[in-house]
Structures are given as C-alpha cells and as structure tokens.
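Going down the list, the sequences are from chains Z and R.
Note that the working numbering has the first sequence beginning at 908, numbered continuously upward.
Note that the working numbering has the second sequence beginning at 89, numbered continuously upward.
Using N, Cα and C, we set each Cβ at its ideal position, and we do this for glycine too.
A short worksheet on the structure shown next.
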Amino acid sequence: MSRTLLWAMFAILPALAQDTRDPRQIILEVQKRQHADSQRYEGTLEVTSQGNQVATKRWIYQRIGSFGNSKAILRFTAPAEVKGVGLLIVNHPDRASDQWMWRPAIGRDQRIALQDRSTRFFGTDFSFEDLEERDVDQYNYKLLADEGGLWKLESRPRKSSQYEYSYFWIKKDNYTFVKIEAYNKKGLVRTIDYKNYEQIKGIWTARLTEVYDVTRKSRTVLKYEKLEYNLPMKDDDFTLQALRRDL
Amino acid sequence: MIAAGLMIVALFAQQFEQRGFIENSTAVYPQTAANDSGRVVDELLFREEASYKFAPWLTVNGSFDARTDSHRQTARDWAVDADDRSIQRPAFSVRRLSARIHRGKMTAEVGRQLIRWGKTDILNPTDRFAPRDYLSSVVDTDFLGVSAARVTYESGGDTVDLLWQPWFTPSRTPLLNQRWTALPPEAAGVSIVDGGARYPGGSQYGARWNHIGSGYEYSLCFFDGFQNLPSFDAAFTPVTASVALTRTYPDLRLYGGDAAIPLAWLTIKGEAAYFTSSTPGAEEYALYVIQLERQVKEWSFVGGYAGSVVTREAASPLQFAPDRGFAKSFVGRAGLTIDANRSLAIETAVRAGGSFMRFEYSQLFGQHWRATGGIAWIRGDMTDFLGQYSRNSYGSLAIRYSF
C-alpha cells in the first residue's frame, strides 16, 4: 500500500465517521440515496377509525423531479364515487406547494386553499404537511442517540408547522427511515412507521407506511404497489391540462 | 388461442375506463305552491361515463344519462336526445361524446363536452359555455354539455383556450306548471302556456388566457354569442284567456377575468364579467364575485360577496335570470370532513329581500353506497329572486350506488 493511499485512508475515514454524526448530513444522505428523477406507484389506503370502521381508497401517484422541486399528480381509482378525482401538487423549494383539485363531476379544477397544513388528507390520518417533501434547510436537526443500528434524531421546524418537534429513527446501514414521532405543545400527535423495505432500482423503499393519530385513535395504512423509479416522464404530463385529461 | 383472446381483452381493458352511478333522489316540500300541489318529487338517474384511448394521443369520451321521475319533469319517450333543447329533460340523453387529441402542449377536443370557466365557487360570471338545468331547483343545479370544438395550448404557466360552439344549447328553465316557476299574484286565473322557443342560429366563440405566476393566478376571457338564460315574449289570447310565453335568447358579448391569490392566512378569489348585447331591449350589466377561503383543520370556509351593476335596463321584465338573482348577496359555504366517509356542508346566500340556506350531511357506506340528506330553507319577499321561492323550502335524501 503506497504512502499516498495510507494518508488518504487516515484523512478520509475520520471525516466520513464525523460526517455520519452530523444530523444534517445524515438527512442529506437519506435524501441523496432516495433521489429519483421520477416515481410512480399505485397506492391502497386503509383508514381504521376508533370504532374499527374501515374505509379504503386507491390512487395512482406519479411524480417528476425530486425534493422541493417536483410536480406530482395523484388520481383516485377507488372507491367508485371518487374515481377520476385528481390532485396536482407543484412543490417549491422556498414556499408552500401549489395544489389544484380536479373533480370530474363538476368538470372544473379548483385551487386548494392550504393555509392550514395540519388539515388531514381526504379524511385520512396523514396531514398535508406529512405528505410534503422535507427540505433539509427548513429544519434544525440534533442527533439524540445512537441506538445500535439506528440513529435517533430530533427535528425542529424553522418555519411554521403544526409540530413543535419530531423524532426520527434512521437505519445506519441503508439510511432509511424506520419511524417518526411528531409532537406538538401538548405532546405526541402522530407516529409514522415505515415497513417492508425493498430495494427498487437501487433505492431502499418502504412498501408500507402506517400512521397512527394519537388524539383520534385512528390508523391509516398506505401500501405502495407497482412502485417504479426513474420512468421516462414529461413535464407536460404534470400541468392543469394534464389534470383535466381524465375520462 | 384462449391466451391470445385474454391478451386482447387485457389490452382493451388497459385502454378503456369507465365510471358511473345510479341515484334516487327525493325532495319533500312541506308547502304547496300556487301552481304546483305536489309535495314529493322523486327522480331516478343512471349515468355512465366511459373513455377509450385509441392511441396515446387520441381518446374518445362518452357519457350517457337515463332517467325518470314522478313529476313529469322528464319526458316519457324512448328517443335519445343529444342537444338538450327540450323543455323537459329527455329520458335518454348523450351528455358527452367527444374526441380528444393531445400532442405536446396542444389539446383539442371536438364534440359534445362539458366546458367550465372561472375560479370562484358560488357564482361564476365568466362560465359562459356551461348552460344549466334549473328544472328541479334553482338553488341546486346540474350542468349541461355543449357541442363545440376546443383547442387549448399550454406552455409554462400560460394556457390559451379557444372555443367555437356552432350549435346553441340553452339552460333548461323550470316548467311553467311547477313550483320553481314562481308566478306573480296578478297571474292568478290566467292560463300561462309555453309558446316554444326562438333559438339563435349563429355560432358562439370564446377565448381565455390563464396565467399562473409565483403565488398568484389570473385569467382574461372573451365570449361572443348568446345568453343561455331566456327572456320571454308574451302573447295574450283573449278567447282562451291564456298567455303564451316564447323563450328568446339575446346576443351576448362578455369581457371578463378572474384571479386567485393564496396568502399566508387565506386565499382570495375574484371573478368579474361585463356583458353587452346588440339585441334591442336586452340588459347590459356587470357581475362580480369576491370570495375569501380558509381551511382550519377539517373545516373549509368560503365567504364572499356577489355584486352586479346594470348599465342598461332591460326593456321587458320577463326574464329568467338566476345569475343576477344571486347577485347583490353575501354568500358563504362551510364544509367539514368528519372522517374518510362522512362530511357536512352548509351553504347560504343572503340578499336584502331574501335568503337561502342549505344544510347537507353525506355518508359513504362501503365502497359503493352513499346517502346524502339535506334541508334547504328559503325565505323572503315575492319581489326578490330568492324570496319568490319562499314556499319551496325542502328536505332531500339521495341514495347513490357508484360503480
């Protein structure tokens, strides 16, 4: 082994080790590893209310771009009465996303007022804020603990948020989220568990997300089916015209 | 061979989409009206919508309605209607049948289709290619399709919409012998009959430019065509002591625009249009709406004011004008999503001489069934557009099976 290589090893290894202890770098690495230019999946969502009543919704989700600079269209396929209802989300790095909803029954798109991001998404336990892509710079991070194979991080929003702070658990070996606990001033509000990870096109991907609303005692499970990354997609398919191009 | 057959079926299924519903709705009126002693109206509607993608750039869309009712608002014949010009609703009608071509930034649609303009939610002054069906109620209406060619070009945040409607479709007005035609007390004892319609023969044109900017959105539009709400020519026949009302549709030209500005605490939406007419005696006026929207948790609130300014009075007061009837009023809507299956809504319009309020509760059962119950309360003077329907407060129940 040459002296240069030895020097490089000694110089770089501590830097890498330090890198992984910087919580911001951990989140950046998570985002880097999950980066895809496009994504498509068919989602099945089951909401189980406190009284054990179950509501099921299905949709097709397509996204172009990534983290803070992306566009997505979500189109409901079930239940039958909402078939064709679509949602266009245009994410911006510096401000809240713009959203339009297309309702075939009235033949018109409507801009959605989203001043309150704690609003639940179509009656599920996800809030609109939970579904937003997290820009690293909008949060302050603190590494709280090294729990064996997991890092426990604290995240505090710099801008207004329904949450005071959240705890993240991230796997060290593949930089994937395992769990999020979100708190407001009164205490724990929501838990989000990421399960059934699989590698798809080199990206570790949770095939199931489970949200539990502590206050309402209601649970939502989102299953991702036919999930694909980096499909060829066009910007023209993520516009208001595209949203209207339904049956 | 079976495998090949299954493959063809699978391929067809990938290109074919459909949805539809069958709905029974019942309205119960506690009071009778001067021209209508009926208290219960039941309607049954079957609607099927389908599309087939022949190629990635070519889709054919269709929508078909079959209906009947207890109150003779729906015709009782087997003919399939495709122009929505009859005074009764057709039992069978083609709501939509169009071909859509999509290439790059351009989308063209030709045939019978639904076209909506505007951004506000309670009243849309610029929504000129969307005639309505007022037969069952003037406060809760459905839209009609129009036969038109539409070309839309979208680039970045700009969209240009060009429209040509060669065949006029009027709004469907309430039947003269039913409660949503409110006759003045002076008309008591006079037989009022439908004298048919004189439909305009020319084409209608429209253009709209919409721009989405950083934190705002607006559009400008122009329409040249005809009023889809009728004025009436009255002809008195002394022998039979009857008055025949003939529906006419004045020329109409519209200059309008709308805007939406989402702010940190609320979203402001506005829409305005100025209407001129070359038809002698036709009214010229402006309509505008300004509304504020705010979402708080599972509640959504919309409140605003709809106003009008008349610049030339109509020569005859015999008009059916619900768009102006809802003007000069404070309008509001509140909606609550209780959970994934249940919702509540309250809607109101308050004018100086009349008011309207509707309360609605809706619940989904399983994957297919939905029940919606409501109460509509109308109050006011006979001289007011809303007030004249003060005997038409009603309770309603709709059961829908979607597939």
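- Non-local C-beta neighbours of Gln161/R in its own chain, meaning closer than 8 Å and more than five positions away in sequence, comprise Val129, Glu131, Gln176, Arg177, Leu223, Ser224, Leu263 and Gln266, ordered along the chain.
- Contact holds between the region 191–207 of chain R and the region 346–360 of chain R, because three or more Cβ pairs, one in each stretch, are under 8 Å apart.
- Close to Gln969/Z, with beta-carbon spacing below 7 Å, lies no residue of chain R; the smallest spacing is near 15 Å.
- For Phe983/Z, the uninterrupted beta strand (DSSP E) run begins and ends at Asn976 to Ala985, by DSSP.
- When Cβ pairs closer than 8 Å are counted between the two stretches, the region 440–447 of chain R is seen to touch the region 456–473 of chain R, the count reaching three or more.
- In this structure, Val239/R sits away from Phe217/R, with a CB-CB distance that is not shorter than 8 Å.
- For Asn429/R, the chain Z residues whose C-beta falls within less than 9 Å of its own C-beta are Val954, Ser956, Gln960, Ala962 and Gly1030, listed in chain order.
- Among the residues of chain Z, those whose CB is under 7 Å from the CB of Leu202/R are Gly1014, following chain order.
- Annotation note: the region 114–167 of chain R contains the following uninterrupted beta strand (DSSP E) runs of length 3 or greater, listed N- to C-terminal: 128–143 and 146–157.
- Taking 8 Å as the CB threshold, Arg982/Z stays off the interface with chain R.
- Counting only runs of 3+ residues, the beta strand (DSSP E) found wholly inside the region 1107–1132 of chain Z occupies 1110–1120, in chain order.
- A straight line joining the alpha-carbon of Ser319/R with that of Gly283/R spans about 12 Å.
- Check the Cα spacing between Gln455/R and each of Val989/Z, Ser973/Z and Ile967/Z: the tightest is with Val989/Z.
- Using a Cβ distance threshold of 8 Å, Tyr1048/Z and Glu936/Z do not count as a contacting pair.
- Using a C-beta cut-off of 8 Å, the region 963–971 of chain Z makes contact with the region 938–945 of chain Z, since at least three inter-stretch Cβ pairs fall below that distance.
- Listed along chain R, the residues sitting closer than 8 Å to Glu988/Z by beta-carbon distance are Phe109, Leu452, His456, Arg458, Arg488 and Ser490.
- Within a 10 Å sphere around the beta-carbon of Val390/R sit 16 or more other beta-carbons, which makes this residue buried.
- Selection Ala433/R, Trp252/R and Ala374/R evaluated against Tyr293/R yields Trp252/R as nearest (Cα-Cα).
- Taking 8 Å as the cut-off, the Cβ atoms of Glu1054/Z and Tyr1074/Z do not count as close.
- In terms of beta-carbon proximity, Arg173/R stays away from the interface with chain Z, with every pair separated by 8 Å or more.
- What Asp1120/Z touches in chain R, judged by beta-carbon distance under 8 Å, is nothing: the nearest beta carbon there is about 11 Å away.
- The Cβ-Cβ distance between Pro219/R and Leu202/R does not fall below 8 Å.
- Counting only runs of 3+ residues, the beta strand (DSSP E) found wholly inside the region 179–229 of chain R occupies 180–191 and 194–201, in chain order.
- Per DSSP, reduced to three states, the secondary structure at Phe1075/Z is strand.
- Among the CB atoms of chain Z, none fall inside 8 Å of the CB of Leu146/R.
- Around the beta-carbon of Lys1066/Z, fewer than 16 other beta-carbon atoms lie within 10 Å, marking it exposed.
- Scanning chain Z for C-beta atoms nearer than 9 Å to the C-beta of Leu354/R yields Ala1020 and Gln1022, reported in chain order.
- Interface with chain Z (8 Å Cβ-Cβ cutoff): Pro213/R is excluded.
- Judged by their CB atoms, Pro986/Z and Ser490/R are nearer to each other than the 8 Å cut-off.
- In the DSSP annotation of this structure, Asp411/R is not part of any beta strand (DSSP E); the continuous alpha helix (DSSP H) holding it starts and ends at Pro410 to Gly413.
- Look at Lys939/Z here: in three-state DSSP terms it is helix.
- Excluding sequence positions up to five before and after Tyr1119/Z, its CB lies within less than 6 Å of the CB of Thr1098 and Arg1126, all in the same chain and listed in chain order.
- In this structure, the alpha-carbon of Val384/R lies about 8 Å from that of Gln1022/Z.
- Residue state for Asn480/R is assigned as helix, using DSSP reduced to three classes.
- A Cβ-Cβ separation of about 22 Å leaves Val1096/Z out of contact with Leu1057/Z under the 8 Å criterion.
- Within the same chain, Cβ atoms closer than 6 Å to the Cβ of Thr195/R are found at Thr240, the five residues on either side in sequence being excluded.
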